[in-house]
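Before any comments, here is the structure.
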Amino acid sequence: MKKRVEGYRLTQGETAILCENLAMMLHAGIQLRDGFHAVHEDLNGGPLKDALNRVDERIQRGESLADSLKAEDCAPKYMIATLEVGESSGRLEEALEGLGRYYRRMDGFQKRLRSAVYYPVLLICMMAVVVAVMIIGVLPAFQQVLSEFEGGAVSLQAGYGLSYILLAVIALVLLGLAAGFLCSRTEKGRQRLTDLLVKSIFTRRIAYTLAVSQMVNGLSMMLKSGISIEESVAAMILRTRHPRLRERLEACQRAVQEGESWETALGRSGMFGAMGNRLVYIGLKTGSLDLAMEKLSDYYDEELSEALERSVSLVEPVLVVTLSVIIGGIVISAMLPLISILSSVG
Numbered sequence: 001m002k003k004r005v006e007g008y009r010l011t012q013g014e015t016a017i018l019c020e021n022l023a024m025m026l027h028a029g030i031q032l033r034d035g036f037h038a039v040h041e042d043l044n045g046g047p048l049k050d051a052l053n054r055v056d057e058r059i060q061r062g063e064s065l066a067d068s069l070k071a072e073d074c075a076p077k078y079m080i081a082t083l084e085v086g087e088s089s090g091r092l093e094e095a096l097e098g099l100g101r102y103y104r105r106m107d108g109f110q111k112r113l114r115s116a117v118y119y120p121v122l123l124i125c126m127m128a129v130v131v132a133v134m135i136i137g138v139l140p141a142f143q144q145v146l147s148e149f150e151g152g153a154v155s156l157q158a159g160y161g162l163s164y165i166l167l168a169v170i171a172l173v174l175l176g177l178a179a180g181f182l183c184s185r186t187e188k189g190r191q192r193l194t195d196l197l198v199k200s201i202f203t204r205r206i207a208y209t210l211a212v213s214q215m216v217n218g219l220s221m222m223l224k225s226g227i228s229i230e231e232s233v234a235a236m237i238l239r240t241r242h243p244r245l246r247e248r249l250e251a252c253q254r255a256v257q258e259g260e261s262w263e264t265a266l267g268r269s270g271m272f273g274a275m276g277n278r279l280v281y282i283g284l285k286t287g288s289l290d291l292a293m294e295k296l297s298d299y300y301d302e303e304l305s306e307a308l309e310r311s312v313s314l315v316e317p318v319l320v321v322t323l324s325v326i327i328g329g330i331v332i333s334a335m336l337p338l339i340s341i342l343s344s345v346g
């Protein structure tokens with residue numbers, strides 16, 4: 001008997017692949033139960049196959065895709081909510097296509113973010129190694145040379161003190177990054193992390209661009225799935241963690257409920273800028289808002305990538321200069337007593 005793997009959740013990449021494959025199966029005229037069975041049978045063993053096997057058993061018994069995923073708690077809640085609407089409206093294929101695009105974009109962003117963070121973290125670790133070498137190897141050598149001279153040992157305390165302070169700062173930074181990674185794995189943690197990024201002067205702009213990008217991607221996906229703009233905006237209000245963006249969405253919703261048109265409400269919100277407002281206005285007037293949102297999501301994805309690249313390009317030289325200055329300070333603090341001794345001898 002196979003051991004059941006509890007608590008497995010699909011990653012964004014796995015979710016994108018599953019939705020894309022199921023959408024292709026439905027487009028080819030294959031029934032959902034046959035298509036899902038074929039998709040999960042192609043997988044190798046492991047927790048993913050085990051989780052989808054349990055979902056497949058429910059689908060074969062006649063349960064809906066959304067209900068099966070919800071019962072096994074192995075898929076994102078956003079995906080399940082969208083599938084419920086798609087199944088009830090008879091547009092499951094469109095819902096799966098939209099979800100596939102959405103999670104493909106989110107997976108791509110996660111990979112870009114990891115790539116952007118990797119090099120600065122590597123530099124910080126290198127700083128820690130260099131400082132540790134200074135403490136373990138370089139400073140003791142100077143200490144031994146100067147130990148016979150009066151005041152030499154005392155003078156090196158500055159170098160040791162600077163080294164230990166830097167190691168403590170590096171440790172705090174690495175602990176903060178580790179805490180951020182752990183927070184990103186839970187819903188409450190992600191909200192706290194968002195609040196922190198929104199308040200920081202260094203990350204608030206990127207945090208807002210990311211929130212708008214995710215919101216526009218979500219709206220594009222839901223509109224393509226046949227969900228009305230009213231329901232789509234309501235869903236985005238519940239999903240959006242960024243407080244400023246959520247307030248603007250709520251203001252749009254209230255304005256429409258009070259009689260304003262969507263083009264006026266969205267235009268006055270200031271969420272998209274002049275170019276975005278024109279796209280939204282044309283999309284609403286021509287009945288192609290889903291296409292307008294798709295173009296807008298492409299624009300914000302590019303903006304987000306450029307913002308990450310700019311941030312990394314600023315962080316890297318700062319870290320290199322900081323490392324050079326600190327090592328120079330440690331070396332100078334060790335050399336000054338020796339220079340003083342040589343001067344007195346001369």
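Position 270 of the sequence shown, counting from 1, maps to 270 under the UniProt record's numbering, and the rest follow consecutively.
Beta carbons are placed, not taken as given, at the ideal position from N, Cα and C, and that holds for glycine.
Note that the structure is a prediction, hence the values are computed from the model and not measured.
Check	Outcome
Pair within 7 Å by beta-carbon distance, ALA334 and GLY137	no
Whole-number beta carbon distance between LEU96 and LEU26, since they are thought to touch under 8 Å	7 Å
CA-to-CA distance, SER232 to TYR281, given in whole angstroms	17 Å
Span of the alpha helix (DSSP H) around THR264	262 to 269
Reduced DSSP secondary structure (H/G/I, E/B, other) of GLN157	helix
Under 7 Å between C-beta atoms of SER225 and GLY98	yes
Touching by the beta-carbon criterion (3+ pairs, under 8 Å), the region 123 to 138 and the region 77 to 95	no
Proximity of GLU41 and VAL55 at Cβ, strictly below 7 Å	no
Segment contact, 8 Å Cβ cut-off, at least three pairs: the region 102 to 119 with the region 207 to 220	yes
SER228 in three-state terms, based on DSSP	coil
Residues near ALA292 by beta carbon distance below 7 Å, same chain, minus five either side	LEU279, VAL280, ILE282, GLY283
8 Å contact criterion, which GLY100 and GLU14 should meet: CB distance rounded	Not really, about 11 Å apart at Cβ, beyond 8 Å.
Nearest-angstrom Cβ-Cβ length linking LEU32 and CYS74, presumed shorter than 8 Å	Between CYS74 and LEU32 the Cβ distance is about 17 Å, and since that is not below 8 Å, they are no contact.
Burial state of THR240 (16 or more Cβ within 10 Å)	buried
Distance, VAL117 Cα to ALA234 Cα	33 Å
Residue-chain proximity (GLY226, chain D), Cβ-Cβ < 7 Å	The displayed structure is made up of one protein chain only, and chain D is not part of it.
Same chain, Cβ closer than 8 Å to ILE206, neighbours up to 5 away in sequence not counted	LEU197, LEU304, ALA307, LEU308, SER311
C-beta contact flag for SER228 and CYS252 at 7 Å	no
Straight-line Cα distance separating ILE170 from GLU263	49 Å
Identity of the residue in ASP67, MET127, LEU177, ASP301 nearest VAL321 by Cα	MET127
Inside the UniProt domain "Type II secretion system protein GspF" (219 to 337) only - alpha helix (DSSP H) runs reaching at least 4 residues	229 to 239, 243 to 257, 262 to 269, 273 to 286
Beta-carbon proximity of LEU65 to LEU48, cut-off 7 Å	no
Where ARG4 falls, given that 16 or more other Cβ within 10 Å makes a residue buried	For ARG4, the predicted model reports a pLDDT of 46, less than 50, meaning its position is unreliable; a value from the coordinates is still stated below. Exposed is the call here.
Beta-carbon proximity check, ALA265 vs ALA255, cutoff 7 Å	yes
Burial state of VAL216 (16 or more Cβ within 10 Å)	buried
Three-state secondary structure (DSSP) of ASP195	helix
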